[in-house]
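S.K.: Supplied in structure tokens, the structure appears directly below.
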Amino acid sequence: MIGNSRELISKFKLAKFTAIYEVGDEGIYLPEYKGSTLRGAFGQSFKQIGCDCAGAKHNDGCVYSYVFETKPIMNFQVINKSKDIPRPFVFETIYDPRTYFSPGERIYFSFTLYGKAIDYLPYFVVSLQEMGRYGLGKHRRRLYLRQIFQVNVNGDFENLVYDGTKYKIYSDWNYLLGAEIVDHFNFDLNQDNVLIHFISPTRIKSKGNYINTAPSFEELIKAIIRRFSSIIFFHQDLSLQMDYSEFFKSASSVKLEEYKTNWLDWERYSNRQKDRIKLGGIVGKALYAGEVTEFIDWLAIAEWIHVGKNPVFGLGKIKVVQKLN
């Protein structure tokens, strides 16, 4: 890789957790795609916990403002000159098409924090607890936060972060570094292909429009670098320096060999806009063939940061594998 990209990937800080809820006595109704409901209810809860600003304008140091309304930094530019600022977290939604969950059932979902937001984990924990108490979904039915575990680099539950029976937050956990993720990534460098699974609706833009089929490898890599460079700049005070033109030229030589994707539409209600907003994206898989070795670190990180627009709702989750010859 060119420039300081390998160094920054190695220094990238993140921490992933899984929250486990028990459904209350009335059961709970949730939409088929649950990311928007979780994100909306969590945002309302977090504002009650993390914001004590008296007026409409947030005070300096307001935790809610930093997490949900991250301010732009003067003269910041990313490779596509976008003004979008990534939030320092993502949700991984519940992959269960059911819309009703019975009393006593367990509901799981994961969330990942980036950079400086890791220090605010206690705010996330308390907000998640209160979110369940306030209720969510149709009729705002209650959930009870039972446990939160840290997720390690293998994807396994590791340290107990929160115990709902004792209402206790534990500190026996640590963040991951990008170096650990890259080192752990299982990839045969003798293979000249990569298979990308678009697990949740993925919204990648090219020339101002959303791509409604599998993106080219160059478009995919651009989306990954665009998101990563913004996250580390706004949430870890680091700047990515690399020769983009040469890197993307190399990416363009990797070809989309075959794919099976479709556009999945879903919508959410925006309290801010007082309207229903459509947020569709592609799901499915795409096989790319060519010299992929220099892009492997980026693909490894992309599994943890998601790709494209609206990742805070759980969109843009991908899984990277190989098609063995």
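Taking the numbering used here, I'd label the letters of the sequence shown as residues 7 to 331.
Just so it is clear, CB atoms sit at the ideal spot from N, CA and C, and this is done for glycine as well.
A quick note: this is a predicted structure, and the numbers were derived from the prediction, not measured.
Helix, strand or coil, according to DSSP, for HIS190 in the structure here?
M.R.: Here residue 190 corresponds to residue number 184 of the sequence shown, with the count starting at 1. The answer is helix: DSSP assigns HIS190 an H, G or I state.
S.K.: Just to confirm before moving on: does the CB-CB distance between PHE97 and GLY41 stay below 8 angstroms?
M.R.: The count along the sequence shown starts at 1 and reaches residue 97 at position 91. The count along the sequence shown starts at 1 and reaches residue 41 at position 35. Yes, they are a contact pair.
S.K.: Under 8 angstroms: do the segment 239–250 and the segment 177–188 share three or more Cβ pairs, one atom per stretch?
M.R.: Verdict: no, contact absent.
S.K.: Kindly indicate which residue of TYR126, ILE100, TYR294, PHE95 has the alpha-carbon position closest to the one of SER222.
M.R.: By one-based count along the sequence shown, residue 222 stands at place 216. Answer by Cα proximity: TYR294.
S.K.: In angstroms with no decimal places, state the Cα-to-Cα distance between GLU13 and GLY110.
M.R.: Here residue 13 refers to the residue found at position 7 when the sequence shown is read from its first residue. Here residue 110 refers to the residue found at position 104 when the sequence shown is read from its first residue. Their backbone Cα atoms lie some 47 angstroms apart in a straight line.
S.K.: Our contact map puts GLY314 next to GLY322 with C-beta atoms below 8 angstroms; I'd like the distance itself, whole angstroms only.
M.R.: By one-based count along the sequence shown, residue 314 stands at place 308. By one-based count along the sequence shown, residue 322 stands at place 316. Yes, they are in contact, since the Cβ atoms of GLY314 and GLY322 sit about 4 angstroms apart, within 8 angstroms.
S.K.: Given a cut-off of 8 angstroms, decide if PHE240 and ILE91 are closer than it, judged by their beta-carbon atoms.
M.R.: Indexing the sequence shown from 1 puts residue 91 at position 85. Indexing the sequence shown from 1 puts residue 240 at position 234. Their beta carbons are under 8 angstroms apart, which means ILE91 touches PHE240 by this criterion.
S.K.: In this structure, what does DSSP give as the bridge partners for PHE97?
M.R.: Translated into positions along the sequence shown, residue 97 becomes position 91. DSSP, once it has assigned bridges, lists PHE117 as partnering PHE97.
S.K.: Under a three-way DSSP split, which group does THR76 fall into?
M.R.: Position 70 of the sequence shown, counted from the first residue, corresponds to residue 76. THR76 falls in the coil class under three-state DSSP.
S.K.: Taking DSSP as the reference, what is the three-state secondary structure of LYS323?
M.R.: Against the sequence shown, residue 323 aligns to sequence position 317. Of the three classes helix, strand and coil, the one that applies to LYS323 here is coil, per DSSP.
S.K.: Determine the closest residue to ARG104 out of ASN65, TYR70, ILE34, with distance taken between C-alpha atoms.
M.R.: The count along the sequence shown starts at 1 and reaches residue 104 at position 98. Looking at the Cα atoms, ILE34 is the closest of the given residues.
S.K.: Please state if the CB of LEU305 and the CB of VAL167 are separated by a distance shorter than 8 angstroms.
M.R.: Start at 1 with the first residue of the sequence shown, and residue 167 comes out as number 161. Start at 1 with the first residue of the sequence shown, and residue 305 comes out as number 299. No. Outside cutoff.
S.K.: Return the residue from the list PHE23, ILE302, ARG112, GLY138 that minimises the CA-CA distance to ILE187.
M.R.: As a first step, residue 187 is located in the sequence shown; it is residue number 181 there, counting from the start. If we check each option's Cα against that of ILE187, ILE302 comes out closest.
S.K.: Out of curiosity, what's the CA-to-CA distance linking LYS329 and GLU263?
M.R.: Against the sequence shown, residue 329 aligns to sequence position 323. Against the sequence shown, residue 263 aligns to sequence position 257. Using only the alpha carbons, I get a separation of about 12 angstroms.
S.K.: So who's on the other strand from PHE23, going by DSSP bridges?
M.R.: Numbered from 1 along the sequence shown, position 17 holds the residue referred to as residue 23. For PHE23, which the question treats as bridged, DSSP gives the partners PHE117, GLN156.
S.K.: Look at the alpha carbon of PRO207 and the alpha carbon of ILE288, and state the distance between them as a whole number of angstroms.
M.R.: As a working note, residue 207 is residue 201 in the sequence shown. As a working note, residue 288 is residue 282 in the sequence shown. Approximately 5 angstroms between the Cα atoms of the pair.
S.K.: I need the DSSP call for ALA62, collapsed to helix, strand or coil.
M.R.: Working through the sequence shown from its first residue, we reach residue 62 at position 56. Coil.
S.K.: From ASN333 to GLN54, what does the alpha carbon distance come to, in whole angstroms?
M.R.: Residue 333 is absent from the model: the chain starts at 7 and stops at 331.
S.K.: Applying the 10 Å Cβ sphere with the 16-neighbour rule, what's the burial state of ASN316?
M.R.: Looking up residue 316 in the sequence shown gives position 310. Burial call: buried.
S.K.: Taking its Cβ as the centre, do 16 or more other Cβ atoms sit within 10 Å of HIS145, making it buried, or is it exposed?
M.R.: Taking the sequence shown and counting its residues from 1, one reaches residue 145 at position 139. The residue in question, HIS145, is exposed, as its Cβ has fewer than 16 Cβ neighbours within 10 Å.
S.K.: If you draw a straight line from the alpha carbon of PHE193 to that of LEU270, how long is it in whole angstroms?
M.R.: Working through the sequence shown from its first residue, we reach residue 193 at position 187. Working through the sequence shown from its first residue, we reach residue 270 at position 264. If I take the Cα positions, the gap works out to 29 angstroms.
S.K.: Buried or exposed: PRO94, going by 16 or more other Cβ atoms within 10 Å of its Cβ?
M.R.: Along the sequence shown, one-based indexing puts residue 94 at 88. The residue in question, PRO94, is buried, as its Cβ has 16 or more Cβ neighbours within 10 Å.
S.K.: Using CA coordinates, which residue listed in ILE154, ASN196, SER71, LEU195 is at the minimum distance from GLU164?
M.R.: Within the sequence shown, numbered from 1, the residue matching residue 164 stands at position 158. Selected option, being the one with the closest Cα: ILE154.
S.K.: Since LEU20 contacts LEU134 with CB under 8 angstroms, what's their CB separation in whole angstroms?
M.R.: Residue mapping note: residue 20 aligns to position 14 of the sequence shown, counting from 1. Residue mapping note: residue 134 aligns to position 128 of the sequence shown, counting from 1. With 8 angstroms as the limit, LEU20 and LEU134 do not qualify as a contact, their Cβ atoms being about 18 angstroms apart.
S.K.: Which residue's Cα is closest to the Cα of GLU309: TRP272, GLY296, ILE238, PHE234?
M.R.: Locating residue 309 in the sequence shown gives position 303, where the first residue counts as 1. Closest option to GLU309, Cα to Cα, is PHE234.
S.K.: Check the DSSP bridge columns for TYR181 and list the partner residues they point to.
M.R.: In the sequence shown, counting from the first residue as 1, residue 181 sits at position 175. Beta-bridge pairing links TYR181 to no other residue.
S.K.: Secondary structure at SER206, three-state DSSP: helix, strand or coil?
M.R.: For this step, residue 206 is matched to residue 200 along the sequence shown. Looking at SER206 - three-state DSSP - the assignment turns out to be strand.
S.K.: In chain order, what residues of the same chain have a beta carbon less than 8 angstroms from the beta carbon of ILE85, not counting five sequence neighbours either side?
M.R.: Here residue 85 refers to the residue found at position 79 of the sequence shown. Residue confidence for ILE85 is low, a pLDDT of 42 falling below 50, so the modelled location carries little weight; the figure read from the coordinates is stated next. Counting only Cβ-Cβ distances below 8 angstroms, and skipping sequence neighbours, we find LYS228, ILE231, ARG232, SER235, TYR250.
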